[in-house]
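Colleague: Using our numbering, read the sequence shown as starting at 2 and increasing by one per residue. Where is the CB? At the ideal position from N, CA and C, for every residue including glycine. Just so it is clear, the structure is predicted and the values come from calculations on it, not from any experiment.
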Amino acid sequence: MPKKHPTEVRERAVRMTLDRLKDYPSMWAACRDLAPKLNIGAETLRKWVTPLGATSPPMRR
Numbered sequence: 002m003p004k005k006h007p008t009e010v011r012e013r014a015v016r017m018t019l020d021r022l023k024d025y026p027s028m029w030a031a032c033r034d035l036a037p038k039l040n041i042g043a044e045t046l047r048k049w050v051t052p053l054g055a056t057s058p059p060m061r062r
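#1: Is the Cβ-Cβ distance between Asp46 and Cys32 less than 9 Å?
#2: For the alpha helix (DSSP H) that contains Leu19, what are its first and last residues?
#3: Can you tell me the Cα-Cα spacing of Trp49 and Lys5, whole angstroms?
#4: Just how far apart, CA to CA, sit Val10 and Ser27?
Listed below in structure tokens is the structure:
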């Protein structure tokens with residue numbers, strides 16, 4: 002059965018991911034790196050962030 006995360010945890014995780022998105026080549030890379038630090042799954046974090054219209058940052062050249 003899936004674990005229910007408190008609203009505060011979700012808000013903090015999403016805020017942290019969006020704040021640091023520019024430091025990663027993609028949103029998935031950010032989620033994979035940050036999720037274990039927040040004690041949540043990377044896919045869970047991605048699902049929380051994606052509905053907010055977050056996209057991957059422009060590719061660096």
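Modeller: According to the data block:
#1: Within the sequence shown, residue 46 is the residue found at index 45, counting from 1. Within the sequence shown, residue 32 is the residue found at index 31, counting from 1. Note that residue 46 is Leu in the sequence shown, not Asp. In this structure, Cys32 lies closer than 9 Å to Leu46 by Cβ.
#2: Residue mapping note: residue 19 aligns to position 18 of the sequence shown, counting from 1. For Leu19, the uninterrupted alpha helix (DSSP H) run begins and ends at 8 to 21, by DSSP.
#3: What you label residue 49 is simply residue 48 of the sequence shown in a count that begins at 1. What you label residue 5 is simply residue 4 of the sequence shown in a count that begins at 1. A direct Cα-Cα distance of roughly 13 Å separates Trp49 from Lys5.
#4: Locating residue 10 in the sequence shown gives position 9, where the first residue counts as 1. Locating residue 27 in the sequence shown gives position 26, where the first residue counts as 1. Annotation: Val10 to Ser27 spans about 22 Å, alpha carbon to alpha carbon.
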